[in-house]
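Novice: In our numbering, the protein residues as written are 1 to 136.
For glycine and all other residues, C-beta sits at the position ideal for the given N, C-alpha and C.
Let me give you the structure first, and then I'll get to my questions.
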């Protein structure tokens, strides 16, 4: 989809467990290239797999391990949290969305794939939010 450094939000990855075949196929294609996620994305995926999708802990943890092994996984630091506070106020994002955005920005990503934020919005002049499902 893009040669630019990209970050993938939790909500996109979770379509791997969807009944919507078109979205699932799109996510699989999207994941077949080098992408960045954060420890937050791993944790959110495992939590949703257990609580909402009702996978066993073994299955959910296996999914989490797969994410850790196949993505560029970055950490969240106090500087990330502080930046997220500012972004949340400036762009009126929820705190959790602002934390995703702050992490993507700190890691010099140019594209953030998410379906939960405004498609096409450019944050701080460098990070473009793209809804990969907008044309489905």
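(1) So residue 42 packs on residue 73, CB below 8 Å; how close in whole Å?
(2) Considering only residues of the stretch 2–87, which uninterrupted alpha helix (DSSP H) runs meet the minimum length of 4 residues and lie entirely inside it, listed in chain order?
(3) Consult DSSP for residue 128 and reduce its assignment to one of helix, strand or coil.
(4) Which term fits residue 10, buried or exposed, when burial requires 16 or more other beta carbons within 10 angstroms of its beta carbon?
(5) Hey, out of 60, 103, 70, whose CA is closest to residue 49's CA?
(6) Tell me where the alpha helix (DSSP H) around residue 93 begins and ends.
(7) Do residue 88 and residue 98 have their C-beta atoms closer together than 8 Å?
(8) Check whether the stretch 107–118 touches the stretch 11–28, taking contact to mean three or more Cβ pairs, one atom from each stretch, closer than 8 Å.
(9) Residue 106: which of 130, 54, 81 sits nearest, CA to CA?
Specialist: With the given structure in hand:
(1) 6 Å
(2) 10–13, 21–31, 39–51, 57–70
(3) strand
(4) buried
(5) 60
(6) It is not in any alpha helix (DSSP H) - residue 93 carries neither H nor E in the DSSP assignment.
(7) yes
(8) yes
(9) 81
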